[in-house]
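Chains A and B supply the protein sequences, listed in that same order. Using my numbering, you'd call the opening residue of the first sequence number 1 and step up by one each time. Using my numbering, you'd call the opening residue of the second sequence number 333 and step up by one each time. Using N, Cα and C, we set each Cβ at its ideal position, and we do this for glycine too. Model, not experiment: these values are computed from the prediction.
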Amino acid sequence: MGCAYVGRMSDLAIETSGLVKVFGEHRAVDGVDLQVASGGVYGVLGPNGAGKTTTIRMLATLLKPDGGSARVLGHDVVAEAGAVRSRVAMTGQFASLDEDLTGLENLVMLAKLYGYRGAAARTRADQLLDAFDLTEAGTKQVKSYSGGMRRRIDIAGSIVVRPDLMFLDEPTTGLDPRSRNQVWDIVRALVGAGTTVLLTTQYLDEADQLADRIAVIDRGKVIAEGTTGELKASVGTGALRVRVADPADREQAATLLTEALGGEAVLERDPYALSLNVASPAEVPTALVRLRDHGVDVAEFSLGQPSLDEVFLALTGEHVAEVETDESEVPA
Amino acid sequence: MTTQSTPSPQSTERAAMDAKVREAVGSAEQLQPVGPLSSSLIFTHRALLKIKHVPEQLLDVTMFPILFTLMFTYIFGGAIAGSTSAYIDYLTPGILVQTVVMITMYTAMTINNDIKKGVFDRIRSLPVWRPSLMVGALLGDTLRYTMASVVILVVTMLIGYRPPGGAVGVLLAVALLLVFCFSVSWIWTLLGLKLRSPESVMGVSMMVLFPLTFLSNVFVQIETMPGWLQPVVERNPVSILVDAVRSLMVGDPHGGSILQVLIISGILVAVFGPLTMRAYARKS
Numbered sequence: 001m002g003c004a005y006v007g008r009m010s011d012l013a014i015e016t017s018g019l020v021k022v023f024g025e026h027r028a029v030d031g032v033d034l035q036v037a038s039g040g041v042y043g044v045l046g047p048n049g050a051g052k053t054t055t056i057r058m059l060a061t062l063l064k065p066d067g068g069s070a071r072v073l074g075h076d077v078v079a080e081a082g083a084v085r086s087r088v089a090m091t092g093q094f095a096s097l098d099e100d101l102t103g104l105e106n107l108v109m110l111a112k113l114y115g116y117r118g119a120a121a122r123t124r125a126d127q128l129l130d131a132f133d134l135t136e137a138g139t140k141q142v143k144s145y146s147g148g149m150r151r152r153i154d155i156a157g158s159i160v161v162r163p164d165l166m167f168l169d170e171p172t173t174g175l176d177p178r179s180r181n182q183v184w185d186i187v188r189a190l191v192g193a194g195t196t197v198l199l200t201t202q203y204l205d206e207a208d209q210l211a212d213r214i215a216v217i218d219r220g221k222v223i224a225e226g227t228t229g230e231l232k233a234s235v236g237t238g239a240l241r242v243r244v245a246d247p248a249d250r251e252q253a254a255t256l257l258t259e260a261l262g263g264e265a266v267l268e269r270d271p272y273a274l275s276l277n278v279a280s281p282a283e284v285p286t287a288l289v290r291l292r293d294h295g296v297d298v299a300e301f302s303l304g305q306p307s308l309d310e311v312f313l314a315l316t317g318e319h320v321a322e323v324e325t326d327e328s329e330v331p332a
Numbered sequence: 333m334t335t336q337s338t339p340s341p342q343s344t345e346r347a348a349m350d351a352k353v354r355e356a357v358g359s360a361e362q363l364q365p366v367g368p369l370s371s372s373l374i375f376t377h378r379a380l381l382k383i384k385h386v387p388e389q390l391l392d393v394t395m396f397p398i399l400f401t402l403m404f405t406y407i408f409g410g411a412i413a414g415s416t417s418a419y420i421d422y423l424t425p426g427i428l429v430q431t432v433v434m435i436t437m438y439t440a441m442t443i444n445n446d447i448k449k450g451v452f453d454r455i456r457s458l459p460v461w462r463p464s465l466m467v468g469a470l471l472g473d474t475l476r477y478t479m480a481s482v483v484i485l486v487v488t489m490l491i492g493y494r495p496p497g498g499a500v501g502v503l504l505a506v507a508l509l510l511v512f513c514f515s516v517s518w519i520w521t522l523l524g525l526k527l528r529s530p531e532s533v534m535g536v537s538m539m540v541l542f543p544l545t546f547l548s549n550v551f552v553q554i555e556t557m558p559g560w561l562q563p564v565v566e567r568n569p570v571s572i573l574v575d576a577v578r579s580l581m582v583g584d585p586h587g588g589s590i591l592q593v594l595i596i597s598g599i600l601v602a603v604f605g606p607l608t609m610r611a612y613a614r615k616s
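What follows is the structure, given as structure tokens:
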């Protein structure tokens, strides 16, 4: 099934140039250029209020741009809004189904709108409920659903017909870890079935886990773009962390590693541990051999890429307010 | 990037879900979305389903008028009209109008809620005729007005009301009322689109509806009011509507007020219809 899409992998699903949206005095989106290839997941990462939702709403033809242009699946979002709408699906930040109706009624309604007739609409709705593990909940009002169930029924509503492109606006905001994993699995399955997914997120972890490429947005502008690897590399280094067997050897280890790798060794609070940023990770094995040659026993070591949080810090000078959001948005 | 998880009951469960989701996406048919009429009717059906699931929205607006009817008839009826039975003949058409006009504001509440909950975004991103959401909601509302009318008529008939105009008079009266309320709903769709929260919608509609329904001839005849107030009450569209509805239910139709109601309705749709559609298309 995926084969049909291979040929189009090089096509651009989304192309924007100088996209602008102004609300009063506030330039919510301030000249966004994006190029999103077909296939896979493209992540738009940024803190609250960065302009992610506004961008996605313009791409989904829900909001008219004040400047610049955007083409989605080859169609202009303003001039050919209808053509765009027939090929994309949008799942908003909040449950975008009717809470008073049951999950089944919602899906049947959507199926009918998309053109399924009579019993076929019901069959399709049942199939979707089953796929998203919601058969039992199907006859209950959506307002009684948990956060995870809501996101699932929401996404189910978006694939009543197969969209070529799906917008997911913060699909896991406020979800517990288990539900978050489920949504991630669903996103991967959608991609496996040939849909291109554009998702916004304020979770670095999420972008890291799902997205093939990421645009980092801050204050309405794209401040960095690339694969997660490229973004991390743009900060320049990987981090080497070493735990020595004997705390007495730590000073010596720090000196030896600094000589071998450059940079500055940081002695951690753990009396056994030190770490340093490494410019050329390829040199690390030699440096470790050097420690052994000098009689410094190493208990553990790890070489990791810098986290996206570090990337974000390096790009914006600010930490992503992840902890804060977590606490305020997890439903009671 | 991806880590291989060790096989566990959870991972088989995940694999099953993965397969089902892929199957569900893959088996989607590419169909022609429905036309404007069908989509409007689908949204009308949605409005009916909402009544089924949230019958309170009908109860809220009918209990209050029922209490009003009983209270006014039995407490003030004798004083106002000489006897309770004489008063109920006068009051029923008025209370019918008041009730249904009051319910119209729920149109604004529904639309505002849809915007707030994201339903609006979802529907506007569908490849169907966008205004069908509005049209469907209004058609659904009209059905709700009909139900409320039936409730009021049943209650008043239980306590002794017998419409002199007979079934035909009552049907024509209700039809006229529905035309007027459908037209008034367009004001509410506009408000629902423009105001920030359902609470502010409630506040604004109460501010409009209370004076409109009370500064009228719903409960008492205009002649009993002070002279300075009479011209105001006479020009209140609700008074004109009550007069028209009353005349039909009495079986002595006032052509003049019926015509005026139809003209007012036409103006409301002509003004607020386009305004609503414009606000809807531009809604950010």
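Which residues in the same chain have their Cβ closer than 6 Å to the Cβ of P606 of chain B, if we skip the five residues on either side of it in sequence?
Cβ neighbours of P606 of chain B within its own chain (closer than 6 Å, five residues either side excluded): none.
Please go through the same chain and pick out, in chain order, the residues whose beta-carbon is closer than 7 Å to the beta-carbon of D154 of chain A, but skip the five residues on each side of it.
T91, A95, S96 and L97
If you compare alpha carbons, which of B:Y422, B:A499 and B:R476 is closest to I554 of chain B?
B:Y422
Under the rule that 16 or more other beta-carbon atoms within 10 Å means buried, what is L391 of chain B, buried or exposed?
Looking at its Cβ environment, which holds fewer than 16 other Cβ atoms inside 10 Å, L391 of chain B is exposed.
Secondary structure, alpha helix (DSSP H): runs of 4+ residues fully inside the stretch 174-212 of chain A:
177-192 and 204-210
Leaving aside the five residues before and after A602 of chain B along the sequence, list all residues of the same chain whose C-beta is less than 8 Å from its C-beta, in chain order.
none
Using the Cβ count rule (16 or more neighbours within 10 Å means buried), how would you classify F452 of chain B?
Looking at its Cβ environment, which holds 16 or more other Cβ atoms inside 10 Å, F452 of chain B is buried.
Less than 8 Å between CB atoms is the rule here; does D575 of chain B satisfy it with respect to chain A?
no
Rounded to a whole number of angstroms, what is the C-alpha to C-alpha distance between F604 of chain B and T521 of chain B?
9 Å
For the stretch 422-435 of chain B against the stretch 473-482 of chain B, do three or more pairs of beta-carbon atoms, one drawn from each stretch, fall closer than 8 Å, so that the two count as touching?
yes
Using the C-alpha atoms, what's the distance from A207 of chain A back to M9 of chain A?
With a pLDDT of 42 at M9 of chain A, under the threshold of 50, the predicted position of this residue should be treated as unreliable, though the coordinate-derived value follows. Distance between the alpha carbons of M9 of chain A and A207 of chain A: 20 Å.
Distance between beta carbons of D100 of chain A and K143 of chain A, contact taken as under 8 Å
With 8 Å as the limit, K143 of chain A and D100 of chain A qualify as a contact, their Cβ atoms being about 7 Å apart.
Sheet register partners of K221 of chain A (DSSP bridge)
Looking at the DSSP output, K221 of chain A sits in a beta bridge with A:D218.
One question on the structure: do M437 of chain B and S579 of chain B come within less than 8 Å of each other, judged by their Cβ atoms?
no
Hey, is P459 of chain B's beta-carbon within less than 8 Å of any beta-carbon in chain A?
yes
What residues in the stretch 514-532 of chain B have a beta carbon less than 7 Å from any beta carbon of chain E?
Here chain E cannot be found, since the structure's protein chains are A and B.
Is there a Cβ of chain A sitting closer than 8 Å to that of E388 of chain B, yes or no?
no
Burial state of W560 of chain B (16 or more Cβ within 10 Å):
Classification for W560 of chain B: exposed.
Have a look at B:V460, B:V500, B:V582 and B:L510 and flag the residue whose alpha-carbon is nearest the alpha-carbon of G82 of chain A.
Looking only at B:V460, B:V500, B:V582 and B:L510, the smallest Cα-Cα distance to G82 of chain A is reached by B:V460.
So with Cβ pairs under 8 Å, would you call A611 of chain B a contact of chain A?
no
Taking three-plus beta-carbon pairs below 8 Å as touching, is the stretch 17-32 of chain A in contact with the stretch 51-60 of chain A?
yes
Quick one: give me the first and last residue of the beta strand (DSSP E) that A299 of chain A is part of.
It spans V298 to G304 - the beta strand (DSSP E) in which A299 of chain A sits, taken as one unbroken run.
Determine the contact status of D213 of chain A and T227 of chain A, defining contact as a CB-CB distance below 8 Å.
Looking at the sequence shown, residue 213 of chain A is not Asp but Arg. Yes, they are a contact pair.
Decide if the stretch 65-74 of chain A is in contact with the stretch 354-367 of chain B; the criterion is three or more beta carbon pairs, one per stretch, under 8 Å apart.
Too few Cβ pairs lie closer than 8 Å, so no.
Would you call the CB atoms of S464 of chain B and S372 of chain B closer than 8 Å?
yes
Measuring only between beta-carbons, confirm whether V451 of chain B sits less than 8 Å from chain A.
yes
Could you tell me whether the Cβ of M538 of chain B comes closer than 8 Å to any Cβ of chain A?
no
Y272 of chain A in three-state terms, based on DSSP:
If DSSP states are grouped into helix, strand and coil, Y272 of chain A belongs with coil.
Apply the 10 Å Cβ neighbour rule to T123 of chain A and answer buried if 16 or more other Cβ atoms are within range, or exposed otherwise.
exposed
With DSSP collapsed to three states, give me the class of R162 of chain A.
For R162 of chain A, the secondary structure class from DSSP, reduced to helix, strand or coil, is coil.
H75 of chain A - DSSP class collapsed to helix/strand/coil:
strand
Please classify E324 of chain A as buried or exposed, where buried requires at least 16 neighbouring CB atoms within 10 angstroms.
Low local confidence applies: a pLDDT of 37 at E324 of chain A is under 50, so the model's placement there is unreliable, with the coordinate-based value given in what follows. Exposed.
Less than 8 Å between the C-beta atoms of G501 of chain B and G583 of chain B, yes or no?
yes
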